[in-house]
Amino acid sequence: MTTSETADTAPDHDPAVIEALLEAAVTRLRTVGALRSEEVERAVRAVPRHAFAPEFPLEEVYDPRAVLITRRAEGGGATSSVSAIWVQTLMLERARLEPGMRVLEVGGGGYNAALIAEVVGPTGTVVSMDIDPVVTERARGFLARTGHSDRVEAVVGDAEHGHPAGAPFDRIIVTVAATDLPPAWTGQLVDGGRLVLPLGVRGHQRITVFTKQGGDLLVGETGNHAGFVPMQGAGAPAPRMVPVTGAVELVTDADPVPAPKALPGVFALSAHQVRSGVRIGGMEPFSTLQMWMTGLSGFGLLTGTAEDFVHRPMVPNAIPAVWDGATLAYLLLPKVPDPAEAYEYVACGHGPRAEETAAALAEHVRVWDREHRNGPGPRFLAHPDLPGADGVIRTRHTRLLALWDRTEHDHALDWKADTRE
70 MTTSETADTA PDHDPAVIEA LLEAAVTRLR TVGALRSEEV ERAVRAVPRH
120 AFAPEFPLEE VYDPRAVLIT RRAEGGGATS SVSAIWVQTL MLERARLEPG
170 MRVLEVGGGG YNAALIAEVV GPTGTVVSMD IDPVVTERAR GFLARTGHSD
220 RVEAVVGDAE HGHPAGAPFD RIIVTVAATD LPPAWTGQLV DGGRLVLPLG
270 VRGHQRITVF TKQGGDLLVG ETGNHAGFVP MQGAGAPAPR MVPVTGAVEL
320 VTDADPVPAP KALPGVFALS AHQVRSGVRI GGMEPFSTLQ MWMTGLSGFG
370 LLTGTAEDFV HRPMVPNAIP AVWDGATLAY LLLPKVPDPA EAYEYVACGH
420 GPRAEETAAA LAEHVRVWDR EHRNGPGPRF LAHPDLPGAD GVIRTRHTRL
470 LALWDRTEHD HALDWKADTR E
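Numbering (our numbering), first residue to last: 70 to 490.
In structure tokens:
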């Protein structure tokens with residue numbers, strides 16, 4: 070693994086430049102809605118972000134949308150980063166931190182832990198955990214430099230097991246991409262405590278806030294999409310790849326998965342297309358549709374670019390799809406002639422049940438359009454003993470049930486209000 074800078078090589082900067090960049094960042098965060106409370110704003114102003122990323126230009130450090138990659142694996146993939154400021158402030162706002170709280174942070178670059186320490190104050194406790202000792206040592210150096218080492222305990226460990234020595238926690242804030250909810254997190258969280266994390270559900274990741282409501286029951290509300298480095302260690306994602314054809318594979322955590330010989334060659338069979346009648350603008354987000362589809366039996370994501378398909382899919386490399394035996398269906402998004410810059414969802418099926426599978430997929434899109442298109446997304450119930458039923462998603466540690474009964478966005482962001490692109 071590689072990392073580029075240590076706590077001993079931080080450059081000197083003009084305080085006036087830092088102040089101007091910080092002020093601009095706070096203004097932008099307030100404008101889009103990622104920063105709302107006085108407590109979190111005071112923390113952002115108190116903690117020098119550049120001290121935790123000395124290898125980056127100040128303009129990049131204080132850009133609210135910039136992700137600062139600080140460590141990479143041998144193959145080049147990011148293993149540690151300082152998240153974009155808008156993500157950090159949004160997660161802290163949704164955590165509803167209070168003075169005196171005990172907080173476990175998973176993913177320890179130092180900066181976010183320092184922000185948490187500022188909000189929970191001198192009577193609070195912050196434990197920042199990372200599986201990589203190099204990342205932890207780097208964070209310790211930065212925390213010492215900014216005066217937070219006596220308020221943040223930076224430890225090395227596999228977050229799959231939490232941190233029993235510091236439990237119980239009022240809040241657990243996870244800053245790496247998780248695809249499951251380890252029992253240690255639930256067990257080390259107080260009743261009424263909040264778990265904030267980027268939860269990936271069948272390939273679609275959203276910042277989700279769970280509240281523990283006694284025992285092992287967690288009730289969560291999904292929020293914004295954001296990118297994070299993946300969990301490492303025992304909780305690392307382990308998607309199953311099912312070959313389809315050439316460069317195309319079906320990535321799924323469905324149980325069971327398709328038989329190895331079920332889908333190869335399916336694209337050689339004639340296609341059956343079903344128009345949904347649902348149109349979307351060129352810049353309109355469709356994240357709730359992607360989440361809506363994860364509840365389908367046999368859901369997965371297809372890899373590959375448009376050139377790898379007989380018919381052009383809606384997006385490259387993460388194409389929503391469903392399989393049924395030896396049948397595969399996915400969404401196309403062809404442009405329609407009127408109005409300008411409009412597209413229509415079309416279900417495309419291949420295989421012996423192509424017609425029925427494509428028709429069901431198109432109807433699923435219509436239901437989303439009628440009932441959930443402009444909504445905030447689902448709530449989640451999470452419990453290891455939820456009864457198996459349609460829509461219940463099984464993970465290694467728990468079961469998730471999406472409830473599409475929310476009507477309001479709790480923390481919707483307005484990026485259109487941010488005029489600095």
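Backbone N, C-alpha and C fix where the C-beta goes; we use that ideal spot for every residue, glycine too.
Note that the coordinates shown come from a computational prediction; the quantities given were computed from them, not determined experimentally.
**Study point:** P168 versus G190: straight-line alpha-carbon distance, rounded
**Key:** Mapped onto the sequence shown, residue 168 falls at position 99. Mapped onto the sequence shown, residue 190 falls at position 121. Cα to Cα, the separation comes out at about 5 Å.
**Study point:** Buried or exposed (CB count within 10 angstroms, at least 16 for buried), E162
**Key:** Walking along the sequence shown from the start, residue 162 turns up at place 93. Result: buried.
Check your understanding: Under a three-way DSSP split, which group does P233 fall into?
Key -> Residue numbering aside, residue 233 sits at position 164 when the sequence shown is read from its first letter. Here P233 sits in helix by DSSP.
Check your understanding: Mapping DSSP to helix, strand and coil, what is L365?
Key -> Reading the sequence shown from its first residue, position 296 is the one you call residue 365. Residue state, collapsed to three classes: coil.
Check your understanding: What residue from A429, A451, P456, G231 has the CA that sits closest to L365's CA?
Key -> Residue 365 sits at position 296 when you count from the first residue of the sequence shown. Nearest C-alpha to L365: A429.
Review point. Roughly how many angstroms separate the alpha carbons of R111 and P117, rounded to a whole number?
Key: Stepping through the sequence shown from its first residue, residue 111 is reached at position 42. Stepping through the sequence shown from its first residue, residue 117 is reached at position 48. Cα atoms of R111 and P117: separation of roughly 12 Å, rounded to the nearest angstrom.
Check your understanding: Taking the runs of the alpha helix (DSSP H) that are 4 residues or longer, which of them lie wholly in the stretch 336-414?
Key -> Counting whole runs of 4 or more residues, the stretch 336-414 contains the alpha helix (DSSP H) stretches 356-362.
**Study point:** Cβ-Cβ distance between A331 and A395 below 8 Å
**Key:** By one-based count along the sequence shown, residue 331 stands at place 262. By one-based count along the sequence shown, residue 395 stands at place 326. Yes; because the gap between Cβ atoms is below 8 Å, this pair is in contact.
Check your understanding: Taking Cβ to Cβ, would you say T467 is nearer than 8 Å to P453?
Key -> Counted from its first residue, the sequence shown places residue 467 at position 398. Counted from its first residue, the sequence shown places residue 453 at position 384. Taking a C-beta distance under 8 Å as the contact criterion, T467 and P453 qualify as a contact pair.
Practice item. Evaluate the contact criterion for the stretch 286-295 versus the stretch 314-330: three or more CB pairs, one atom per stretch, below 8 Å. Key: The stretch 286-295, when compared against the stretch 314-330, does not touch it at the 8 Å Cβ threshold.
**Study point:** Candidates H230, W254, W361, of which the one nearest V434 by Cα
**Key:** Sequence index remark: in the sequence shown, residue 434 carries index 365 (1-based). Sorting H230, W254, W361 by C-alpha distance to the C-alpha of V434 places W361 at the top.
Check your understanding: Is the shortest distance between the beta-carbon of T464 and the beta-carbons of chain D less than 8 Å?
Key -> Among the protein chains of the structure shown there is no chain D, as only one such chain exists.
Review point. Hey, is the stretch 83-98 in contact with the stretch 126-143, meaning 3+ C-beta pairs nearer than 8 Å?
Key: Judged by pairs of C-beta atoms under 8 Å, the stretch 83-98 touches the stretch 126-143, as three or more such pairs exist.
Check your understanding: Grouping DSSP H, G and I as helix and E and B as strand, with all else coil, what is Q157?
Key -> Counting from 1 along the sequence shown, the entry for residue 157 is found at position 88. Of the three classes helix, strand and coil, the one that applies to Q157 here is helix, per DSSP.
Check your understanding: How would you label S345, buried or exposed, when you count the other beta carbons within 10 angstroms and need 16 or more for buried?
Key -> Counting from one through the sequence shown, the residue named residue 345 turns up at place 276. Per the 10 Å Cβ criterion, buried.
**Study point:** Alpha-carbon spacing of E425 relative to A228, whole angstroms
**Key:** For the purposes of this step, residue 425 is identified with residue 356 of the sequence shown, where counting begins at 1. For the purposes of this step, residue 228 is identified with residue 159 of the sequence shown, where counting begins at 1. CA-to-CA, the gap between E425 and A228 works out to about 44 Å.
Review point. In the DSSP assignment, what residue or residues form a beta bridge with E290?
Key: As a working mapping, residue 290 is identified with position 221 in the sequence shown. Beta-bridge pairing links E290 to V278, R448.
Check your understanding: Cβ of G178 within 8 Å of Cβ of V204?
Key -> On the sequence shown, residue 178 is found 109 positions in, with the first residue counted as 1. On the sequence shown, residue 204 is found 135 positions in, with the first residue counted as 1. When the beta-carbon positions are compared, G178 and V204 come within less than 8 Å of each other.
Point to revise | Same chain, Cβ closer than 7 Å to A164, five either side skipped, listed in chain order | key: Position 95 of the sequence shown holds residue 164. Once the five neighbours on either side are set aside, the close Cβ partners of A164 are R240, I242, R263, V265.
Point to revise | Separation of E432 from T372, as counted between CA atoms | key: Here residue 372 is taken as the residue at index 303 of the sequence shown, counted from 1. Here residue 432 is taken as the residue at index 363 of the sequence shown, counted from 1. Take the alpha-carbon of T372 and the one of E432: they are about 24 Å apart.
Point to revise | Three or more C-beta pairs below 8 Å linking the stretch 87-107 and the stretch 249-264 | key: Contact between the stretch 87-107 and the stretch 249-264 is absent, because fewer than three Cβ pairs lie under 8 Å.
Practice item. Have a look at the DSSP bridge pairing and note the partners of S149. Key: The sequence position of residue 149 within the sequence shown is 80, counting from 1. In the DSSP output, where bridge partners are listed per residue, S149 has R140.
Check your understanding: Roughly how many angstroms separate the alpha carbons of W392 and V335, rounded to a whole number?
Key -> Along the sequence shown, read from residue 1 onward, the residue named residue 392 stands at position 323. Along the sequence shown, read from residue 1 onward, the residue named residue 335 stands at position 266. If I take the Cα positions, the gap works out to 11 Å.
Review point. What are the start and end residues of the alpha helix (DSSP H) that includes V101?
Key: Walking along the sequence shown from the start, residue 101 turns up at place 32. Where V101 is concerned, the enclosing alpha helix (DSSP H) stretches over 84-101.
Check your understanding: Pick from I138, S149, P456, M310: whose alpha carbon is nearest that of I200?
Key -> On the sequence shown, residue 200 is found 131 positions in, with the first residue counted as 1. When only C-alpha atoms are compared, the closest one is S149.
Practice item. Using the DSSP secondary-structure output, state which residues sit across from S197 in a beta bridge. Key: Within the sequence shown, numbered from 1, the residue matching residue 197 stands at position 128. E174, A223.
Point to revise | Collapsed DSSP secondary structure at L332 in the structure displayed | key: Counting from 1 along the sequence shown, the entry for residue 332 is found at position 263. Coil at L332, not helix or strand.
Practice item. Tell me, to the nearest whole angstrom, how far the beta carbon of F449 is from that of T255; I am working on the premise that it is less than 8 Å. Key: Numbered from 1 along the sequence shown, position 380 holds the residue referred to as residue 449. Numbered from 1 along the sequence shown, position 186 holds the residue referred to as residue 255. About 13 Å separates the two Cβ atoms, so there is no contact after all.
Exercise for review: Note the first and the last residue of the continuous alpha helix (DSSP H) segment covering P202.
Suggested key: Residue mapping note: residue 202 aligns to position 133 of the sequence shown, counting from 1. Going by DSSP, P202 is part of the alpha helix (DSSP H) stretching over 202-215.
Review point. Taking the Cβ atom as the reference point for each residue, do V270 and T363 lie within a distance shorter than 8 Å?
Key: Working through the sequence shown from its first residue, we reach residue 270 at position 201. Working through the sequence shown from its first residue, we reach residue 363 at position 294. The answer is yes: Cβ separation under 8 Å.
Check your understanding: Would V343 be called buried (16 or more neighbouring beta carbons within 10 Å of its own) or exposed?
Key -> Working through the sequence shown from its first residue, we reach residue 343 at position 274. Flag for V343 reads buried.
Exercise for review: Return the chain-ordered list of same chain residues with a C-beta closer than 6 Å to the C-beta of D438, the five sequence neighbours on each side being excluded.
Suggested key: Locating residue 438 in the sequence shown gives position 369, counting from the first residue. Result list for D438: V347, in chain order.
Point to revise | Cβ neighbour criterion (16 or more within 10 Å) applied to K404 | key: Looking up residue 404 in the sequence shown gives position 335. Flag for K404 reads exposed.
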